Amino acid sequence: MFKHILVPVDGSATAMLALDRAAALAQAFGSSVTAVYVIDPYPFTGVGADFAYAQDQYLVAAKGEATAAMDAANQRMQQAGVPHDNRVVESHTVWRGVLEAAESVGADLIVMGSHGRRGLEKLILGSVTQSVLSHTRLNTLVVRSPAEDPS
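End of the sequence shown = 1004 in our numbering, gap-free, step of one.
Below, the structure written as structure tokens:
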């Protein structure tokens, strides 16, 4: 049914749960899985020499986090015995990076976690999952955070 599943990861427990669901689907359908980590190369703006230094520090840290998340994703997919690939991409918005990655790998399903943010936290941090759902025509499976309280 699904040939290629894309899973956005950020190193969180919810993303790892989404990877587990994707692995189970991949086993059932004989699919391959691509895990993607999106780095925003310009998360803040500023001027002067301090800005350039801070930007470099940020990118080094972001790439380190991406490597750790990809290592965890790779290990999970290897344990599941699922054909897989990992990608780290740069995009000014995470949801755009996810959709561009889905298109570039020919994904026909996105499996992604939702942290279940509400209220002010959602307003400030936004919802990557909601943005992906709003802008894609691909089938998308949303995996809820295990700590989320639906009430």
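Note that beta-carbon positions come from the ideal geometry of N, C-alpha and C, so glycine has one too.
Since the structure is predicted, the reported quantities are computational estimates derived from the model, not experimental observations.
- Indicate whether residue 894 and residue 953 have their beta-carbon atoms separated by less than 9 Å. no
- With DSSP as the reference, label residue 854 as helix, strand or coil. coil
- Message: Please report the straight-line C-alpha distance between residue 855 and residue 911, rounded to a whole angstrom.
- Response: 37 Å
- Please determine, among 880, 963 and 936, the residue with the shortest C-alpha to C-alpha distance to residue 996. 963
- Who does residue 943 pair with in a DSSP beta bridge? 892
- Item | Cβ shell of residue 984 (< 7 Å), same chain only, five flanking positions each side left out | Excluding residues within five positions, the ones whose Cβ falls inside 7 Å are 948.
- Query: In the DSSP assignment, what are the bridge partners of residue 994?
  - Reply: 964
- Message: Please state whether the Cβ-Cβ distance between residue 926 and residue 872 is less than 9 Å.
- Response: yes
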